[in-house]
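My numbering applies: residue 332 is where the sequence shown begins, and numbers increase by one. Worksheet: the structure to be examined is printed underneath.
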Amino acid sequence: MPLFSPRRYQAPFMPVQRDSLPVQVFTAFEQAIKGALFGCRMCGNCILQETAFVCPMTCPKGLRNGLCGGATPDHCEVDPSRPCTWYVIYERSERMGRLDKLLEINAPVDGNRVGHETWLDMIKLWFKRKAGPYPWDFVFNRAKFNREWEEFFYALRQPDWWQGDSQYHPPAYTEPISLLEANLRSGVFTVTAEIAPPLDASPEGLIKKVNMLKPYVTAANFTDNASATCRMNSLASSKLCLDAGLEPVMQLQARDRTRVVIQSDAVGASGLGIRNILCLTGDHHRFGPAPMAMPDQFDMDGVQILWMLRRMRDEGKYIDGREMKIRPKFFLGAAASPFGAPPKYEAIRAEKKINAGAQFIQTQPVFDYNRFTEWLEALDKRNLLNKVYILAGIVPLRSAKAAHFMKDVPGVVLTESDLKRMDSAGDKEAQAEMGVTIALEMIERLKNTPGIHGLHIMAVHWESIVPRLVEEAGLPRPVVRELPRPEVAREQEKEAVPAS
Ligand code: SF4
């Protein structure tokens, strides 16, 4: 059992290329010590300084930028037999007064470093930099020592091709990139809805749903093999939607994709005219119906995707530094889980996503309004509400059975009173009516909540209920249906409404 970390279950990584024998011996020595102390998996890209000395690579998704939406205080969502690594990191960081350290956006692992020692690298870098920290400063000039310590470890953990930080980076463009962005900027309460991508190759059903929703919503989300369950992919579904006359929000998740494929899919989407991209980490393969894929399917996480795509858009560079002649156009979004971890932890995670590049957030479904406002207050305390558009999640419950299923979804909190109302509603029709009533009550409260800019309605396999919800709740229709020509847009830009 490591001294400072939960027990390490996975084996340490092995290098791609073998080192010389003396280096191998040194690596084994380092591994023995760091394994015993920190549960280190020898990823060769050490960020223990930032994670309260708990190895983040013990997270089954290998997340390096905070917890996933399914984390609970009791256990990891992937392996219920052990605690969530990131919960331990947050709790230890809080005890040590280092919570803000978790804001720095950590790089994905450099595969060339995996399985190698880091102590020799540290010594080499210290000699190369000739800029401290020096032991005598620890005694005679503590401020200088601390500053140089921070600079030294930043140089060690942040490779040149990443250079992550904990700053907010506003988008480097002025005119709205998509209709979703234009409507949000206009200040109108904006509605998006989720359409389940087809289970087969036929586009007719999808196009029918798009035509049905078009008058009511600004954009439609297409999930990206959610719950590790294969469907038509998000890119193809988004293109079909766009061609049918409604703007899509393409969900792009890290699971199953390397950094190369993520960039290529995003550039391809931009080339096809798809502008809204929702960046996600994705559900673990364990939750899917297929025979489970190899573990370690996460090359990146949602935060890293945001950081990478924002820089592609604003700096015109691939992660490897190659320049793009024409920059892609992305309006970037993220998901948020107001009910997962305590709001103070979730707010740090949200801040990280916003700093990385998230311009809009779509939340998990809201059933518990009080807990939702606690999360909003935590965001407000971190001064985030004027930096991002928030679309609160709404799931109309179709039956009591669906309510009980929803109650067990990680990151969703269904109140006891809503469950009771669904259970005692009567037959199927009455249950569906009760689901609509509950949704309309919540929409009414959210509509009047400061800091909320719209709704994201997730009526999966019940998309036909969306028009009724929009009409009965008196929700406004999209006001901007066409992007202005560039010269007009520049004029309008000057009068744009800020995020809150
Ligand atoms: S709950 Fe999520 S973040 Fe926590 S250890 Fe498990 S996979 Fe990682």
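In this text, a Cβ means the ideal position worked out from N, Cα and C, and glycines have one as well.
For L398, the CB falls within less than 8 Å of some heavy atom of ligand 1. Nearest Cα to S517 within the set P507, D410 and A709: P507.
For the set T554, N542 and G724, the Cα lying nearest the Cα of P528 is the one of T554. Look at V767 here: in three-state DSSP terms it is helix.
The three-state reading of DSSP puts H500 in coil, since its state is none of H, G, I, E or B.
With fewer than 16 other beta carbons inside 10 angstroms of its own, K759 counts as exposed. If you compare the alpha carbons of F335, I378 and Q348 with that of G366, the shortest gap goes to F335.
Here E435 is actually not in contact with A462; their C-beta atoms are around 20 Å apart, not less than 8 Å. A distance below 7 Å between beta-carbons, with the five flanking residues on each side excluded, links R617 to the following residues of its chain, in chain order: V409 and M623. In the DSSP assignment, K718 is bridged to no other residue. At least one heavy atom of ligand 1 sits closer than 8 Å to the Cβ of E408. Assignment of beta-bridge partners to V522 by DSSP yields L786. G599 counts as exposed, since fewer than 16 other beta carbons sit within 10 angstroms of its beta carbon.
Using a C-beta cut-off of 8 Å, the region 601-608 makes no contact with the region 379-387, since fewer than three inter-stretch Cβ pairs fall below that distance. Taken in chain order, the whole beta strand (DSSP E) runs of length 3 or more contained in the region 592-674 are 607-611 and 662-667. For W417, the shortest C-beta to heavy atom distance toward ligand 1 is below 8 Å. The C-alpha of Y700 lies about 46 Å from the C-alpha of R444. Residue environment for L571: buried (at least 16 other C-beta atoms within 10 angstroms of its C-beta). Beta-bridge partners of T694 (DSSP): A667.
Exposure of T560 is indicated by the presence of fewer than 16 other C-beta atoms within 10 angstroms of its C-beta.
Proximity of the beta carbon of K392 to ligand 1 is indicated: a heavy atom of the ligand is located closer than 8 Å. When rounded, the separation of the alpha-carbon atoms in D587 and Q628 is 6 Å. Bounds of the beta strand (DSSP E) holding M581 are E578 to Q584. Contact annotation: the region 640-652 does not touch the region 568-582, with fewer than three C-beta pairs closer than 8 Å. As for any beta strand (DSSP E) of minimum length 3 sitting wholly inside the region 343-407, there is none. Around the beta carbon of E578, 16 or more other beta carbons sit within 10 angstroms, so the residue counts as buried. In summary, L510 is buried, with 16 or more beta-carbon neighbours lying within 10 Å of its beta-carbon over all protein chains present. Per the coordinates, the alpha-carbon of T549 lies some 58 Å from the alpha-carbon of Y465.
At a cut-off of 8 Å, the beta-carbon of H615 counts as near ligand 1: some heavy atom of the ligand is closer than that.
For N552, no alpha helix (DSSP H) segment is defined; the enclosing uninterrupted segment is the beta strand (DSSP E) at A550 to F553.
Contact check between the region 520-539 and the region 493-501: fewer than three CB pairs, one atom from each, fall below 8 Å, which does not count as touching. The C-beta distance from R808 to P546 rounds to 7 Å, short enough to fall under 8 Å. Relative to P337, the option among F369, S748, M345 and P620 whose CA is nearest is F369.
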